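This report concerns only the one structure given below.
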Ligand code: AP5
Ligand code: MG
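Numbering (this note's numbering), first residue to last: 8 to 215.
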């Protein structure tokens, strides 16, 4: 099964992807993580991506689509795409080289997103936390590494990311609905565990 995880910045895509990967054995492919690894490694892609990411804008489609196409040539089945596609052009391109079974849309109220992202702390192992549940801890509960804040997790960039999502990415809800592949989880104020309970209900049905 191949899934697209859709949701605004801070909706919980990364948080749920970790749980989904563990339970259902799907490979997690996050374009944001790929770009950040390239920035860290000082590659040409990283240099290009950084200016867009810092501004809360989308990295050009041709660069992003090529990266995903390359990844899917290695991982041909049972994957979940987190952060791709991010506009209708990318979704149409994806349909040319992949077969998507389901789009899992995590719907979260706009007001919660800013607070969630600005309070997020990341670990290099991929785990993410929120300051409100860390009780002052500064290291990862899973691997013990020091936590850090993503560079694009500041109020100004988050505002631009939310604007980009609303204008360019949210039309994908209608795109996948038309294809009959959309499952929306209304996350409201649910905890990550409660959201995962809803994710399980959807995925168990599909997997059977
Ligand atoms: P990307 O890395 O994909 O970032 P994003 O979409 O902005 O989403 P986030 O990673 O910020 O949020 P998330 O939904 O994963 O939430 P998380 O689980 O961490 O992209 C970054 C940039 O790369 C883009 O802006 C763009 O420039 C570029 N890019 C990437 N893909 C691209 C593409 N396809 N085309 C062009 N450019 C692209 O959770 C957030 C916080 O909330 C955490 O602290 C978490 O602990 C907490 N939390 C999670 N769930 C809950 C809950 N249920 N209740 C309370 N707290 C919760
Ligand atoms: Mg993420």
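Ideal placement from N, C-alpha and C gives every residue a C-beta, glycine not left out. Here the structure is a predicted model, which is why all the values come from computation and not from measurement.
- When C-alpha distances from residue 140 are compared across 10, 149, 127 and 108, the shortest belongs to 127.
- The beta carbon of residue 192 sits closer than 6 Å to the beta carbons of 113 and 205 from its chain, once the five residues preceding and following it are set aside; these are given in chain order.
- The three-state secondary structure of residue 33, taken from DSSP, is coil.
- Under the 10 Å beta carbon count, residue 211 is surrounded by fewer than 16 other beta carbons and is classified as exposed.
- In its chain, beyond the 5 residues on either side, 160, 161, 162 and 165 have a beta carbon closer than 8 Å to the beta carbon of residue 125.
- Short of 8 Å from the beta carbon of residue 199, and not among the five residues preceding or following it, lie these beta carbons of its own chain, in chain order: 19, 22, 23 and 26.
- In this structure residue 52 is in contact with residue 70, their Cβ atoms being roughly 7 Å apart against a cut-off of 8 Å.
- In the displayed model, residue 211 falls within a helix according to three-state DSSP.
- Straight through space, the alpha carbons of residue 180 and residue 131 are spaced by roughly 31 Å.
- Residue 115 sits buried, since 16 or more C-beta atoms from the chains shown fall within 10 Å of its C-beta.
- The alpha carbon of residue 187 has as its nearest neighbour, out of 110, 122 and 197, the alpha carbon of 110.
- By the neighbour-count definition (other C-beta atoms within 10 Å, threshold 16), residue 94 is a buried residue.
- For residue 57, the CB contacts under 7 Å within the same chain, skipping 5 residues up- and downstream, are 46 in chain order.
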